[in-house]
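Chemist: Listed in order, the protein sequences are those of chains Z and P.
Under our numbering, the final residue of the first sequence carries the number 1339; numbering is consecutive throughout.
Under our numbering, the final residue of the second sequence carries the number 1339; numbering is consecutive throughout.
We put the CB at the ideal spot given by N, CA and C, even for glycine.
Number of protein chains: 2
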Amino acid sequence: MDIDMIEISKALSNETRLNILKWLKDPEGNFPPQGGCLSEPVDLKGGVCVSSIQAKANLSPSTVSNYLDTLQRAGLLLSERHGKWTYYRRNEKTLECLAEYIKTEL
Amino acid sequence: MDIDMIEISKALSNETRLNILKWLKDPEGNFPPQGGCLSEPVDLKGGVCVSSIQAKANLSPSTVSNYLDTLQRAGLLLSERHGKWTYYRRNEKTLECLAEYIKTEL
DNA sequence: TTTACATATTGACAATTTCCGAAATGTATG
DNA sequence: CATACATTTCGGAAATTGTCAATATGTAAA
């Protein structure tokens, strides 16, 4: 796993994006139940759809979509599409690597 | 110790600033001997003066001075003035707290 | 105290980022 | 297929950042 420290730092240097990351630590506690409208039951792995995140962030859909993309490109989030919805969840692997990188390389 | 994650992330989202932080992990290996012009011998604690860093970064003095200030305001560097020179060194405490913060809070 | 040098601050301009509304795309349903 | 809805992409205005040259400040030495 390679850490693009600049990309990650840029992604983390915004309050809302930081909040999204924290909120997704506890999806059940921070968001309404997900996947209720899906025809087939799917394991969403704690993923949350864009509109739930958008409602909590209180920013426009396009901005939130953009933020989620930024976090994903930095490797901090994973996304999975089911029907109309895109579910985003944390990429714990990257977070672990990041902590390790800071401890040993930085 | 409180971590201002946004301030720190902004400071880290620039290649040169990231390099400065890494260079300062090994001051003896990366910079010429420091403090040679001081009248009294002082323990510089691995600190490196601005002009040495500027020479290695290959940017203008004002830019480098600015970058060092940014890193210091984020708590990542410490500075100490001796005579005409300002010696900058890493603030390991913040780095440790940062890694810990990412592991537990983020 | 005049000079020289190390660093910091200021002012300017280009490049990038933030954030939105509008438009486009994908997907399910009538 | 036509519609509705979730999300993404696009285009642009405002704010921030990158970077420098010029200027200012602090300090030591002549």
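Does P:Leu-1331 come within less than 7 Å of chain Z when only Cβ atoms are used?
Modeler: For P:Leu-1331, the answer is yes, since a Cβ of chain Z falls inside 7 Å of its Cβ.
Chemist: Indicate whether the contact test is met: 3 or more Cβ pairs, each with one atom in the stretch 1270-1288 of chain P and one in the stretch 1316-1328 of chain P, closer than 8 Å.
Modeler: Judged by Cβ distances under 8 Å, the stretch 1270-1288 of chain P makes contact with the stretch 1316-1328 of chain P, as three or more pairs qualify.
Chemist: Who are the Cβ neighbours of Z:Ala-1412 in its own chain at under 6 Å, not counting the five residues just before and after it?
Modeler: The requested residue 1412 of chain Z does not occur in the structure, where chain Z is confined to residues 1234 to 1339.
Chemist: P:His-1315 to P:Cys-1270, Cα distance in whole Å?
Modeler: Looking at the two C-alpha atoms, the distance is approximately 10 Å.
Chemist: Around the Cβ of Z:Pro-1260, are there at least 16 other Cβ atoms within 10 angstroms (buried) or fewer (exposed)?
Modeler: The residue in question, Z:Pro-1260, is buried, as its Cβ has 16 or more Cβ neighbours within 10 Å.
Chemist: Could you please give me the residues that DSSP links to P:Trp-1318 through a beta bridge?
Modeler: For P:Trp-1318, which the question treats as bridged, DSSP gives the partners P:His-1315.
Chemist: Is DSSP giving Z:Leu-1413 helix, strand or coil here?
Modeler: One cannot answer for residue 1413 of chain Z here, as it falls past the ends of chain Z, which runs 1234 to 1339.
Chemist: Short of 6 Å in beta carbon distance, which residues of its chain neighbour P:Leu-1311, apart from the five on each side in sequence? Order them along the chain.
Modeler: The residues are Arg-1322 and Asn-1324.
Chemist: If we count the other Cβ atoms within 10 Å of its Cβ and call it buried at 16 or more, is P:Ser-1285 buried or exposed?
Modeler: When all chains shown are included, P:Ser-1285 counts as buried.
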